Amino acid sequence: MRALLSFGGVACRSVRISRGWWRVWSAVLLGVFALGTSAAAAGGVQPADAAVPGASVPGARAQTFALANGLTVIVQPDRRAPTAVQMLWLRVGAMDETDPESGVAHVLEHMMFKGTPTVPEGEYSRRIAALGGRDNAFTSRDVTAYHVQLPAEYLLEALRLEADRFAHNTWSDDALRRELAVVQEERRQRIEDEPVAQLYEQFFATAWTAHPYRRPVIGWMGNLQALDAPTVRAFHQRWYVPGNAALVVVGDVDPVQVRRWAEETFGALPARALPPRLADVEPQQRGLRRIEWRGRTQQPTLLMGWRVPRLAHPDADDESARDALALALMAGALDGYRGARLERALVQGQGGTRLADAVGASYGLASRGPQLFVLSATVRAGTAVEAVEAALKGEIARIARDGLDPAELQRVKNQWTASAVFDRDSPFAQARELGMHWALGWPLDAEARLLARLQTIGVEDVQRVARRYFVDEQLTVGVLRPEGGV
């Protein structure tokens, strides 16, 4: 299975999207990102092979340039339909909060729809809809992004609306109180009424002791109840800075025209300095961690997460980078399709006993913070959790002992390649990929570079990482058991 390049732990405006608290995959984008693009690059539209920070290599279609105030603009023409996707990415997420601010990044995402001096509350989405478009936003541990899809002929109007709320977001204290009640109810429905979501929350709070990834994106309820208007406004003032943002446009557009429009709208905003980002260094883990959680469930759920390296850059060729790529392929071999190893062994019971109703393997590959390789299982009724835990460890041990069949490894590589090709059919997927690459400080054609690098990873690499990282000293185990059970 292709490792998903997405930020783990995502929260959305509940009024806009029903999925809300997405299933918690390990964050896919890692590394402490670069802090914005230098304004020195702003001289004109840079072709894909131009030697500017973040520019693509020859052959890539995306073009990038920086406005004088530091905001990055990325444009990728796709003329197959008369539509455009506009995404505004902020290199700020839940990991940039302090402990008392837990949840503020997501709350601010909600408040960005509450109006400006010239656009009243609720009017932003109404105007986008009147243009034939649709809009939404999401917050993750690592980023916040606002996106619009609409007929390309109305892109300029969408840019004006986005630049206006980016710089002039305005709302009353009463509006915040009302929206905080919405977010608190969102948390009740998606976390506190969902035992598996509670387990994931407690699992990450146990796996990480110092790093901000220990906090949920949506925030702890106590913090949400205490959050006030000055804190939210200060967070906006601190991080919603042109040099901390990227405008990504994909669709039936002319890059030169988009540059002019970007300068007319976002280019009019003043440059402001970014605050320093304080690194939260996670202490070394020296022993197994285990948490048990009780909830209203009929079946136990098991999570197992090992600390593993992340990929800092698609061109990195050191041992850690090769290990990260091998771990991504290993996740695909374990959980890439219904005939993958975990499905066959634990769900289909090809070893003789069906132990689980569902299983999964998750590894993010890249993110701003540290990574876990996570195995999950919904334990089959009447089966001991300990038996499932042993079986999952056994599948890792089997790879460490016997490796993978070369054809099996090639299948995983083929799936990754196919997924990359299919993403070309979606302007939204293209914009999301470009934005995530920018957020990581990666070149815009990082996908192509990753595909080339993956071809260099062999069965011996996967076998090596299975032996190296999956030890109890680096393991956190979380178990959800039924209330009143044993």
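The opening residue of the sequence shown carries number 367 in the numbering used here; numbering runs sequentially from there. Using N, Cα and C, we set each Cβ at its ideal position, and we do this for glycine too. As the structure is a prediction and not an experimental result, all values here were calculated from the model.
Requested in this report: Quick one: which unbroken alpha helix (DSSP H) runs of 4-plus residues sit fully inside the region 488-560? Chain order, please.
Outcome: 489-496, 521-534, 539-553
Report task. Would you give the residue range spanned by the alpha helix (DSSP H) that Arg363 belongs to? Result -> Because the chain is modelled from 367 through 852, residue 363 falls outside the range shown and cannot be assessed.
Query raised in the report: Given a threshold of 16 other Cβ atoms within 10 Å of its Cβ, counted over all protein chains shown, does Ser733 qualify as buried or as exposed?
Result: buried
Requested in this report: State buried or exposed for Asp415, treating a residue as buried only when at least 16 other CB atoms are found within 10 Å of its CB.
Outcome: Its pLDDT being 32, under 50, Asp415 is placed unreliably in this model, and the value from its coordinates should be taken loosely. Under this definition Asp415 is an exposed residue.
Query raised in the report: Between the region 442-458 and the region 604-622, do at least 3 Cβ pairs fall closer than 8 angstroms?
Result: yes
Query raised in the report: Would Ala832 be called buried (16 or more neighbouring beta carbons within 10 Å of its own) or exposed?
Result: buried
**Report entry** Whole-angstrom distance between Thr842 and Arg652, CA atom to CA atom
**Finding:** 11 angstroms
Query raised in the report: Looking at the structure shown, is Asp465 part of a helix, part of a strand, or coil, going by DSSP?
Result: helix
Query raised in the report: Under 7 angstroms, do Gly498 and Val514 count as touching if we go by C-beta distance?
Result: no
Query raised in the report: Ends of the alpha helix (DSSP H) at Val845?
Result: Per DSSP, Val845 belongs to no alpha helix (DSSP H); it is in the beta strand (DSSP E), 841-848.
**Report entry** Cβ neighbours of Arg834 in the same chain (closer than 8 angstroms, five flanking residues each side left out)
**Finding:** Asp689
Query raised in the report: If you run the structure through DSSP and keep just helix, strand and coil, what is Ser733?
Result: coil
Query raised in the report: Should the region 738-750 be called in touch with the region 661-679, which here means at least 3 C-beta pairs below 8 angstroms?
Result: yes
Requested in this report: Kindly indicate the opening and closing residues of the beta strand (DSSP E) around Arg656.
Outcome: 655-661
Report task. Using three-state DSSP, classify Leu738 as helix, strand or coil. Result -> strand
Query - CA-to-CA distance, Val583 to Thr572, given in whole angstroms - result: 15 angstroms
Report task. Name the residue from Met696, Arg798, Met461 whose alpha carbon lies nearest to the alpha carbon of Gly769. Result -> Met696
Query - From Val624, Ala694, His577, residue whose alpha carbon lies closest to that of Pro649 - result: His577
Query raised in the report: Which residue comes first and which comes last in the beta strand (DSSP E) that contains Trp455?
Result: 449-456
Query - Reduced DSSP category for Met802 - H, G, I as helix; E, B as strand; rest coil - result: helix
Query raised in the report: Asp618 and Pro448 look like a contact to me (Cβ under 8 angstroms); what is the Cβ gap, rounded to whole Å?
Result: 5 angstroms
Report task. Please report the residue range of the beta strand (DSSP E) in which Trp808 lies. Result -> Note, Trp808: premise wrong, no beta strand (DSSP E); not H, not E.
Query raised in the report: Using a beta-carbon distance below 7 angstroms, is Pro641 in contact with chain C?
Result: This model lacks chain C altogether; it includes just one protein chain.
Query raised in the report: Which ranges does the beta strand (DSSP E) cover as unbroken runs of at least 3 residues, wholly within the region 658-692, from first to last along the chain?
Result: 667-674
**Report entry** Whole-Å CB distance - Arg676 paired with Leu731, under 8 angstroms assumed
**Finding:** 7 angstroms
Query raised in the report: Which whole runs of the beta strand (DSSP E) in the region 734-781 are 3 residues long or more, in chain order?
Result: 737-745
Report task. Might you give, ordered along the chain, the residues of its own chain that have their beta carbon closer than 7 angstroms to the beta carbon of Arg493, omitting 5 neighbours on each side? Result -> Leu527
Requested in this report: Just tell me which of Arg531, Asp465, Ala724 has its CA closest to the CA of Met477.
Outcome: Arg531
Report task. Quickly, what does DSSP pair Ala724 with across the bridge? List them, please. Result -> Thr744
Requested in this report: Express the C-alpha separation of Asp683 and His602 in angstroms, rounding to a whole number.
Outcome: 38 angstroms
**Report entry** Beta carbon of His534 nearer than 7 angstroms to that of Thr505
**Finding:** no
**Report entry** Counted within 10 angstroms of its Cβ, other Cβ atoms place Pro772 as buried (16 or more) or exposed
**Finding:** exposed
Report task. Report the residue from Leu775, Ile440, Met802 whose alpha carbon sits nearest the alpha carbon of Val828. Result -> Leu775
Requested in this report: Would you give the residue range spanned by the alpha helix (DSSP H) that Leu590 belongs to?
Outcome: 587-592
Report task. Could you tell me how far apart the beta carbons of Leu800 and Trp627 are, in whole angstroms, since I believe they sit closer than 8 angstroms? Result -> 18 angstroms between Cβ atoms; not a contact.
**Report entry** Residue of Pro793, Arg427, Gly844, Arg830 minimising C-alpha distance to Leu516
**Finding:** Pro793
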